[in-house]
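4 protein chains.
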Amino acid sequence: MNISVIGATGYAGAELMRILSSHKEVDIKHAISKSFAGQKMSDIYESFLACDYTLEALDIDAICADSDIVFTCLPHGTSADVVSRLYESKARVIDLSADFRYYDAALYEKWYNTKHGAKHLLEQSVYGMPELYREQIKGAKLIGVPGCYPTSAILALAPLLAAGLIESSGIIVDSKSGTTGAGRSTKLPLLFCEVDENFKAYGLATHRHTSEIEQELSIAADSEITLSFTPHLLPIKRGILSTIYANTTASEEQISKAYEVYNDEPFVQVVDGLPEIKHVAGSNNCAIGYKIDKRLNRIIIVSCIDNLIKGAAGQAVQNMNLMCGFDETEGLNQIGWYL
Amino acid sequence: MNISVIGATGYAGAELMRILSSHKEVDIKHAISKSFAGQKMSDIYESFLACDYTLEALDIDAICADSDIVFTCLPHGTSADVVSRLYESKARVIDLSADFRYYDAALYEKWYNTKHGAKHLLEQSVYGMPELYREQIKGAKLIGVPGCYPTSAILALAPLLAAGLIESSGIIVDSKSGTTGAGRSTKLPLLFCEVDENFKAYGLATHRHTSEIEQELSIAADSEITLSFTPHLLPIKRGILSTIYANTTASEEQISKAYEVYNDEPFVQVVDGLPEIKHVAGSNNCAIGYKIDKRLNRIIIVSCIDNLIKGAAGQAVQNMNLMCGFDETEGLNQIGWYL
Amino acid sequence: MNISVIGATGYAGAELMRILSSHKEVDIKHAISKSFAGQKMSDIYESFLACDYTLEALDIDAICADSDIVFTCLPHGTSADVVSRLYESKARVIDLSADFRYYDAALYEKWYNTKHGAKHLLEQSVYGMPELYREQIKGAKLIGVPGCYPTSAILALAPLLAAGLIESSGIIVDSKSGTTGAGRSTKLPLLFCEVDENFKAYGLATHRHTSEIEQELSIAADSEITLSFTPHLLPIKRGILSTIYANTTASEEQISKAYEVYNDEPFVQVVDGLPEIKHVAGSNNCAIGYKIDKRLNRIIIVSCIDNLIKGAAGQAVQNMNLMCGFDETEGLNQIGWYL
Amino acid sequence: MNISVIGATGYAGAELMRILSSHKEVDIKHAISKSFAGQKMSDIYESFLACDYTLEALDIDAICADSDIVFTCLPHGTSADVVSRLYESKARVIDLSADFRYYDAALYEKWYNTKHGAKHLLEQSVYGMPELYREQIKGAKLIGVPGCYPTSAILALAPLLAAGLIESSGIIVDSKSGTTGAGRSTKLPLLFCEVDENFKAYGLATHRHTSEIEQELSIAADSEITLSFTPHLLPIKRGILSTIYANTTASEEQISKAYEVYNDEPFVQVVDGLPEIKHVAGSNNCAIGYKIDKRLNRIIIVSCIDNLIKGAAGQAVQNMNLMCGFDETEGLNQIGWYL
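Sequence order for the protein chains is C, X, Y and E.
Note that this note's numbering numbers the first sequence so that position 32 is 17, with each residue one more than the last.
Note that this note's numbering numbers the second sequence so that position 58 is 43, with each residue one more than the last.
Note that this note's numbering numbers the third sequence so that position 338 is 323, with each residue one more than the last.
Note that this note's numbering numbers the fourth sequence so that position 196 is 181, with each residue one more than the last.
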């Protein structure tokens, strides 16, 4: 299968290139980088020194000519334009930006505070979370890969809302992410000496991922869900841990049963104890643990992913595997690093 | 003023020694370490190489003979016995364990799952948070220095509960602490390779500090407060950031007005933006910021302290300053490190 | 091919288990752990939650009965005994301790300050560095996998000494290693709060790896090499960077030509710039860069590896691949992590 | 004493502001920041929230009018111009750039590859290392504060060269620095995700500090010293550890005796073991340890400082204390942080 990657040198793009490099079913035809066209991938990420690629400028015709699948890893807003041109070709598109995650352009435009550049594609695109939309993904022409924070929150909450086990109001998602989530951007707050030994919250009550989480959980619950979502920046490279609070009078057995929807999922593990970031870093896994607080009629759920893998590049590849009829785990079944 | 430190070589004890070493009004008479008696402080913490102390075995009579103030930095449970003996002397005692923070021994015994060894002193002891109990502290013979997590949570919430601005139910305290909070203990989960690049929650729905926070907030609110408290372990050395959620319909002005109780406090700053751990690390400050989410009728408060200073040794010294009539900021007015 | 791992739960053993889990040619028959027999691998390293193993107590007969290759990851000293029993069976043994890296038991005994428990095997064992001993490895019954620091130093220096391009005296190897190199041991200096934001040298003039480096470089130079080796502990998990100084009047062309011995090596890259730890972390690669200082007639070489992979588990698997006639890169050709 | 700081918002400038804020003898009249004039110090470094300053644009006349001491924390090259104007006033100047550390403008121009803008002041300026030039500092009108790496290297080597105990050729200084040493500059290689879990060498055989180290050691040795200096970037914020190699046949006693020159120095400690960065971080101390390798006739010296304090701002204040007749340790005698 011939694939191309547009935006190969951001952090998510580079991680996608890394995963695709050892994927047995694909051949990388074009690795596109606006900033570094003409250079080698190993000039930008020296870890590619033993398996290199030449970066190209964007030439959509050339890409369309020989690509079956195109991954687009562009900033939101700019993605819509490129994707709408690719969409006209035979290629199927897997977009890692926020632009094709929404059903309702107005919702996107409100939270992203920008016009949507390709509204007509929103009803074609599929929200690329295999655990929720596996069948639709298989036949999709365009995928909007879920956001990193939403992946951790939705996988934890959707089964409980679908089963009617937690209250729809009062949900709080307190998430903490590694710094790769902020991208490879030369901004002062991302300097080592600013992040190291520090920890901070940001985007209180306004972070865009709130709307994405609410959209999918409202579908799961079949009623409107609104919730508090607070992201934080961890002084680590990879990983998201979301601590989630919801009011419930459900029993341990009921909760456990609701999570059985994941029994056959290759990349979701509901564990007995509490997951930690290092349990999933380097893998495509989402690990979920929880504790019911009978004293307060509340459940506290802890959900962990690697933001660059299950939260971005790995989930994108999982989508591709489904779309192309490959083994869903191909290229993704490595054990996490722990160390 | 002659002071002694019992338990000088744990992380809180060592920090206390560091602060006291540059305190102008005190003379350290005895630095007690069970494990390292006879050694020098600089054998255990080489940073003391330019200002050293000889560690001694515990001899309560010797301590009582020449100490005006005794700091006890012992594990909870063991502290009660030592403190009750010190209490008989002329010395005033500042205890950094949990043993003298409670009014009700039963509450302590339930959450700490152990017998209290000196119940008779509980009504003598003062909860050592100057912002709440300044006058009582001045005359106290025995202080229970507040816990680190409780300090961050109580300072953030007490004024709002006292003013009746937030709902008493539905409060959630999601706290993240640096690893010094776990003490200098050679346990596998505290190894560098286990903590580094990791993040985890622990003690869900059962952490002991829950009871301490609830005790003080119930007093502030003049009604029983129960809440969810979830601690997490950050891969940094120092600092606590608590993200706190409460339901409210109060206005910005009301909240701001309630926090004016801190206007003259030397060590609490209510800031316009959001505080980060590096804004307070190395200082005795508590920085508080907040955002009202009108969409959800909820306030999100972010409260930051240095767990070893305002959360332990610094607050202990602040208590001493009040008890001895020193300038309340003596030894504590250094600017945080940031770097 | 049936393989077994003795010592599967130390850091090197766990990394070996991780690599072997995705190796296409092998089947893990026995994963042995003295401390955790009966538990699951995922109880000890939760990253194995999606691909688990049951840990067993050591039963050498059982292992010999069905293992073609046995990896031994035991502390030096204790390894010799187990290996000598395995050696009697049909199994071929790949030992990750220091016990079978030496030709001369006296050298081992002097630097390790202990008796060697299986001297008779030293002349059977092959020093498992494929770049130096590929042919001998293929037919070996017993491999002593090189140490982590020695791998970084020997790969950098052997070609230059073999070509007579640098002086044999005056060589200095200043090495810096991530903390996994110290193993999963609950010692105070390995606690997070002791290692984080710190850096230190240790073992000056006495570290055991000095003798291993000198042994192999003396063979390469065909004359006795003695050198200064100083290890340091980095506040990171993985990776070694060695900065190496040697006196030389050789030209850039001569040095470059000497390093051409690595042109066909799959896991050694001589790069134009300077390698960094993140260029190789997560891979089996050794990246080497250098600068000739004409002013001082000295060459400075920088050599980087992942201490757990090329410095331990990966190199062990590379040896197995050669011994078993597999593709030498099987299980090892993943791109490093960078992030 | 009235002082001003030009360049108050770089990392060294901010550290200087922090130290001066608790210095009992000084009053900060002007804190100058080109980029942030008009803002508050706490807008840039929120740790100043409890002790704030208003940042001003550069007005040399205003500064000269009321400042006894002016600290200049500007990039090399730009410093010379400002300093030469200040030099005409009554103010005494303490410059933290490289511009006034050299006796010979040609040496500066060669290594810094730029014209020197105020050559006429070089013979007026004093190299601000109190351990070498205390008396000259007291009367100086202009100080060139030593570089961070040079401070660690010169303090370790000068006494041994002065005593003729080590060979003048063959010296190697392998230094490792925290990332604050690179300044607050928004460059890609300084991003958290690039520095974290990484380690690298840079500037091999060409780093400018080589010339500064050689200049001062040549004076100490009274013969020309050339040496290899290799800096490395540590994934920590603060601290430098230099591992230094020199050929010697001197005895332990001879070395120890040579270091007795530091017996009365308040900020240099020669220790029995090996110093680590955390032994000095947060303090103005330089800790030196060593080991003689009799096998190789070589001494290995380990020298540690906090690069922002003894390597920059602290040493600058130590100079001021001498120039103004204050206690040399005023504002600088705090114990390091360790944690």
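In this text, a Cβ means the ideal position worked out from N, Cα and C, and glycines have one as well.
Of the candidates CYS36(E), TYR87(E), GLU197(E), GLU197(E) places its Cα closest to the Cα of ILE139(E). By the neighbour-count criterion, in which a residue is buried when 16 or more other Cβ atoms sit within 10 angstroms of its Cβ, GLU245(C) is exposed.
Residues of chain C whose Cβ lies closer than 7 Å to the Cβ of THR164(E) are, in chain order, PHE177, CYS178. Non-local C-beta neighbours of ALA76(Y) in its own chain, meaning closer than 6 Å and more than five positions away in sequence, comprise CYS49, SER52, VAL55, ordered along the chain. Rounded to whole angstroms, ASN282(Y) and THR233(Y) show a C-alpha spacing of 5 Å. Contact residues of the stretch 172 to 204 of chain C toward chain E are LYS172, LEU173, LEU175, LEU176, PHE177, CYS178, GLU179, VAL180, ASP181, GLU182 (C-beta to C-beta distance below 9 Å). The beta carbons of ALA206(X) and SER153(X) sit closer together than 8 Å.
Beta-bridge analysis with DSSP links PRO251(C) to no other residue. What LYS222(Y) touches in chain X, judged by beta-carbon distance under 9 Å, is PHE177, CYS178, ASP181, GLU182, going in chain order. Taking all protein chains shown into account, ASP12(C) has fewer than 16 neighbouring C-beta atoms within 10 Å of its C-beta and is therefore exposed.
From the listed residues SER288(X), VAL256(X), ARG223(X), the smallest Cα separation to TRP322(X) is found for ARG223(X). Excluding residues up to 5 positions away in sequence, THR57, VAL78, ASP80, ASP84, PHE85, ALA103, LEU106, LEU127 lie with their Cβ nearer than 8 Å to the Cβ of VAL68(X) in the same chain. In this chain, the alpha helix (DSSP H) harbouring ARG3(X) covers -4 to 6. The C-beta separation of LEU173(Y) from ALA167(Y) comes to about 12 Å, leaving the pair out of contact by the 8 Å criterion.
Within chain X, no C-beta atom comes less than 9 Å from the C-beta of VAL287(E); the nearest is roughly 13 Å away. Taking a cut-off of 8 Å for Cβ pairs, the stretch 307 to 320 of chain C and the stretch 259 to 270 of chain C touch, as three or more such pairs fall below it. Interface criterion met: the Cβ of VAL256(X) is under 8 Å from a Cβ in chain E.
Chain Y has no Cβ within less than 8 Å of the Cβ of LEU140(E). Interface residue (Cβ-Cβ distance to chain C less than 8 Å): TYR230(X) is classified as such. Checking the DSSP bridge columns, you'll see ARG223(C) has no partner listed.
Inclusion of ILE290(E) and SER32(X) in the CB contact set at 8 Å is not warranted, their separation being larger than that value.
With at least 16 other beta carbons inside 10 angstroms of its own, GLU41(C) counts as buried.
When the Cα atoms are used, PHE252(X) and THR228(X) turn out to be separated by approximately 19 Å. In the DSSP assignment, ASN(-13)(C) falls within the unbroken beta strand (DSSP E) covering -13 to -9. When DSSP states are grouped into helix, strand and coil, ALA147(C) belongs to the helix group. In terms of beta-carbon proximity, ASP249(X) stays away from the interface with chain C, with every pair separated by 8 Å or more. For TYR30(E), the nearest beta carbon of chain C is not closer than 8 Å to its own beta carbon.
With a beta-carbon spacing of about 11 Å, SER162(E) and PRO220(E) fall beyond the 8 Å limit used to define contacts. Taking a C-beta distance under 8 Å as the contact criterion, LYS263(Y) and LEU218(Y) do not qualify as a contact pair.
CYS271(X) carries a strand assignment under DSSP once its states are collapsed to helix, strand and coil.
Between GLU201(E) and PRO260(E), the gap from beta carbon to beta carbon reaches 8 Å or more.
Shortest Cα-Cα distance from ASN318(C) to any of ARG3(Y), ALA(-3)(Y), GLY(-8)(Y) involves ARG3(Y).
LEU324(E) places its beta carbon less than 8 Å from that of LEU293(X). A check of alpha carbon separations from SER18(E) across GLU250(E), LEU212(E), ILE(-9)(E), CYS133(E) identifies ILE(-9)(E) as the nearest.
Around the beta carbon of GLN300(E), 16 or more other beta carbons sit within 10 angstroms, so the residue counts as buried. At least one CB of chain E lies nearer than 8 Å to the CB of ARG169(C).
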